[in-house]
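Working notes, beginning with the structure itself.
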Amino acid sequence: MHNRTLLLIHLIILNVLLTACSTTTPPTNPTPTEIVFVCEHGNVKSLMAATYFNDLAQARNLSYRAISRGIAPDSDSVPTPIIAKLNTDGFDVSSYSPKKVALTDLSSAAHIILIGTVFPTTTSETHTKSETWTDVPPASVDYSAARDSIKAHIESLIDKLEADKLH
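Here you go:
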């Protein structure tokens with residue numbers, strides 16, 4: 001009886017140890033791949049693009065994250081009408097503060113989208129991973145047209161990123 005009890009205890013301990021050793025740690029989410037949207041001031045078109053991109057990327061479960069930057073930010077906030085319109089679309093950007101694009105933003109980005117602007121002449125890097133959207137109308141003049149143009153570009157970009165992910 002003593003041997004059976006001892007054997008049972010050993011089997012229980014062995015089972016506990018094997019279970020503990022075989023338990024795997026859940027995979028951590030990798031750092032999202034960064035997409036940089038750049039416009040002149042960094043507080044309207046690139047902000048709209050980054051906002052819509054992040055929303056759609058999350059909905060499609062893609063590991064991408066977009067940031068908004070400006071070539072020459074001229075304000076420390078987002079224009080009130082743009083805050084209101086984005087809020088109507090379900091996004092709160094009231095605390096956003098525009099940031100000037102930095103070389104570190106560009107060098108760490110998987111993709112760079114210039115919206116109605118060009119790289120500064122002081123930028124010496126080559127940007128083979130960039131594209132320019134020149135057809136986005138000013139959101140201050142026609143928010144709906146700007147939003148629709150940006151969303152169409154975003155959907156196309158995300159479709160391309162999803163296709164690239166499969167290959």
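What the sequence shown shows, in UniProt numbering, is residues 1 to 167, in sequence order. Beta carbons are placed, not taken as given, at the ideal position from N, Cα and C, and that holds for glycine.
From residue i to residue j, what distance separates their C-alpha atoms?
i, j, result
"residue 53", "residue 150", "9 Å"
"residue 90", "residue 119", "31 Å"
"residue 218", "residue 35", "This structure does not reach residue 218, given that the chain is present from 1 up to 167, and the question cannot be answered."
"residue 129", "residue 110", "7 Å"
"residue 88", "residue 166", "35 Å"
"residue 77", "residue 67", "15 Å"
"residue 45", "residue 107", "21 Å"
"residue 49", "residue 140", "15 Å"
"residue 63", "residue 32", "5 Å"
"residue 160", "residue 65", "15 Å"
"residue 135", "residue 81", "21 Å"
Can you check DSSP and say which residues form a bridge with residue i?
i, result
"residue 35", "66 and 111"
"residue 131", "113"
"residue 100", "70"
Out of the options, state which residue places its alpha-carbon closest to the alpha-carbon of residue i.
i, options, result
"residue 83", "154, 160, 143 and 159", "143"
"residue 132", "141, 116, 47 and 140", "116"
"residue 73", "87, 38 and 51", "38"
"residue 103", "70, 85 and 135", "70"
"residue 51", "40, 85 and 138", "85"
"residue 43", "93, 145, 105 and 98", "98"
"residue 101", "55, 113 and 148", "113"
Going by the C-beta, is residue i closer than 6 Å to any heavy atom of the ligand ATP?
i, result
"residue 47", "Absent from the structure shown: the ligand ATP. Ligands present: none."
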